[in-house]
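A.B. asks:
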Amino acid sequence: MRTSLPPGRKHPAAARVLNLAMTALLGVAGLLSIVGMLAAGLFVRTLLAPGLDPATQALTATLARIMLLEVLLVVAESGLVALLVSRNQLLLPAMATGLHNLALIGGIGVAILVPDVGIYGPTIGAIVDALIKLAILIPGLQQRGYRFQLLWRPRDRDLHTVLRLLIPNALSSGVNYAGTITDTALSTLAGHAAALGAIQNAYLLVGLPIRLLGVAIGQATMPHMVKLSIAKQYAALRKAVHRALAIACGLAGLAAIAMIGLGRLMIRLLFERGAFDSYAGDLTYQMLAAYSLGLPAYVATEVLARALLSCLDTRTQLLTNSLQLTLRITLLLAMIGQVGPVLIPLAFAASSVIEAGILYIVLQRRIQEV
């Protein structure tokens, strides 16, 4: 939000633009969610999991329909976080980020205690996670005088400015989801469907340091980077980026070592119950260790993407995400039959290193002092 408004615009202007953007986004997201619910069965059978048996495909389609409810909540959450961060108010967004997946993990616990709940426990937990975030953000914004209202003005100039930044960013997120779909589809077609649970559990664990380090540090430093970018203080901006990268990547390196060293114990404590035996734990740890190798690159990408956004550049990440997806697909098609499912996290880690390197080079060229 801060990047789309010129200097001097105050909170009422930002709130107005947020209402414009959220009205448009909720309308589009709602329409796409309805289409997704109607097409979920066909999507699962043909693209997401063509290698699964019909019963599992039907269950997957049902879960997908439930998860589409989360889309509207995430859209609302993103807008509220943008307004808070634009005003240098970082505590509530940090709390929302830190509590991510809390209810999902609670849903797993419910499923363990009440086996009949099954996979619906963590699925509903993901929806509750989004509601918890809104419950944290909305009261804070209300105390600061913000009230959401539907505002439909498609010709508004500020809305067009937001959309010029938002559309490449949305497409970039779509590319990321396409990567997940590709991983799932190629795993099932290659006969590695049993590894999907291990891959998801491993990414759930590695996602925590990504959010706490990459996302949180990126959000915290972005308002300062925006100010420097607007003022064309490129030397100071480079220093701010390097400082954020040093902190984020240094902590991510320590987190990666901890994940590799303590990951097996953590998996035993969190997951090994019932049908989740020691073999499943070993497989999950294998995936976790592979994902952890790229942890510094993941958090660097989060910081660099926000630095580029502070320069009003959202197209570069779209291009690098597309390149990363192409690299992942190429590696998986060529080698998954020989290497096995561990190639999925390895390909993700390797392509993320390349993406982070490209983002860094582009950013350095963009902020060269004139």
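In the numbering used here, the protein residues as written are 498 to 867. Just so you know, even glycine gets a beta-carbon here, dropped at the ideal spot from N, CA and C.
(1) For F540, which of helix, strand or coil comes out of DSSP?
(2) Give the single residue among D680, L545, S530, G604 whose Cα lies nearest to the Cα of G837.
(3) Quick one: is A511 buried, meaning 16 or more other Cβ sit within 10 Å of its Cβ, or exposed?
(4) Is it right to say E769 is buried, meaning 16 or more other beta carbons lie within 10 angstroms of its own, or is it exposed?
(5) Would you identify the three-state DSSP class for L549, choosing helix, strand or coil?
(6) Enumerate, from N- to C-terminal direction, the unbroken alpha helix (DSSP H) stretches of 4 or more residues contained entirely within the region 591-649.
(7) Mind checking whether L565 and G533 have CB atoms under 9 Å apart?
(8) Since A558 and A537 are thought to touch, with beta carbons under 8 Å apart, how far apart are those beta carbons, to the nearest angstrom?
(9) For the pair the region 793-804 and the region 714-724, tell me if three or more CB-CB distances fall below 8 Å.
(10) Does the beta-carbon of V525 have 16 or more other beta-carbons within 10 angstroms, so that it is buried, or is it exposed?
(11) Could you check the C-alpha separation between G603 and G618 for me, to the nearest Å?
(12) Quick one, are the C-beta atoms of L824 and I851 less than 9 Å apart?
(13) Please classify Q861: does DSSP put it in a helix, a strand, or coil?
(14) Between the alpha carbons of D635 and L725, how many angstroms are there, rounded?
(15) If you reduce the DSSP assignment to three classes, tell me which class N516 lands in.
(16) Tell me, to the nearest whole angstrom, how far the beta carbon of L860 is from that of L816; I am working on the premise that it is less than 8 Å.
(17) Please name the residue in A695, R650, A802 whose C-alpha comes closest to that of R761.
(18) When you compare each of G758, S684, E574 to M832 by their alpha carbons, which one comes out closest?
(19) For the region 623-643 against the region 766-785, do three or more pairs of beta-carbon atoms, one drawn from each stretch, fall closer than 8 Å, so that the two count as touching?
(20) Taking the straight line between their C-alpha atoms, what separation do you get for G834 and A561?
(21) Let me check understanding here. Comparing Cα to Cα, which of L587, L517, T827 lies closest to Q646?
(22) Taking C-alpha atoms, which residue in R812, R542, L599 lies nearest to V625?
(23) So, S789 versus M756, is the Cβ gap smaller than 9 Å?
(24) So, using beta-carbon positions, are T672 and N818 closer together than 9 Å?
(25) If you reduce the DSSP assignment to three classes, tell me which class Q877 lands in.
(26) Put Q730 into one of helix, strand or coil per three-state DSSP.
(27) Can you list, in chain order, the residues of its chain whose CB lies under 6 Å from that of V578, leaving out five sequence neighbours each side?
(28) Along the alpha helix (DSSP H) that carries G799, what are the first and last residues, could you check?
(29) So what does DSSP say about A772, is it helix, strand or coil?
(30) Would you mind giving the Cβ-Cβ distance between P547 and A682, rounded to the nearest angstrom? I have them listed as a contact below 8 Å.
(31) Specify the secondary structure class of L565 as computed by DSSP and reduced to three states.
(32) Our contact map puts L792 next to A844 with C-beta atoms below 8 Å; I'd like the distance itself, whole angstroms only.
C.D. replies: In terms of the structure at hand:
(1) helix
(2) D680
(3) buried
(4) exposed
(5) coil
(6) 599-610, 617-640
(7) yes
(8) Their Cβ separation, rounded to whole angstroms, is 4 Å, which keeps A558 and A537 in contact under 8 Å.
(9) Between the region 793-804 and the region 714-724, the count of Cβ pairs shorter than 8 Å is three or higher; the stretches touch.
(10) exposed
(11) Between G603 and G618, the C-alpha separation is close to 8 Å.
(12) L824 places its beta carbon less than 9 Å from that of I851.
(13) If DSSP states are grouped into helix, strand and coil, Q861 belongs with the helices.
(14) For clarity, residue 635 is Ile in the given sequence; the question names Asp instead. Distance between the alpha carbons of I635 and L725: 29 Å.
(15) helix
(16) Contact flag wrong, Cβ pair sits at about 13 Å.
(17) A695
(18) S684
(19) no
(20) 28 Å
(21) L517
(22) L599
(23) yes
(24) The displayed chain sequence assigns Val, not Thr, to residue 672. Less than 9 Å divides the Cβ of V672 from the Cβ of N818.
(25) Because the chain here runs from 498 to 867, residue 877 falls outside it and cannot be looked at.
(26) coil
(27) P590
(28) The question names Gly, but residue 799 is Glu in the sequence shown. Element bounds for E799: 792-807.
(29) DSSP places A772 in coil when its eight states are reduced to three.
(30) 6 Å
(31) coil
(32) Contact flag wrong, Cβ pair sits at about 15 Å.
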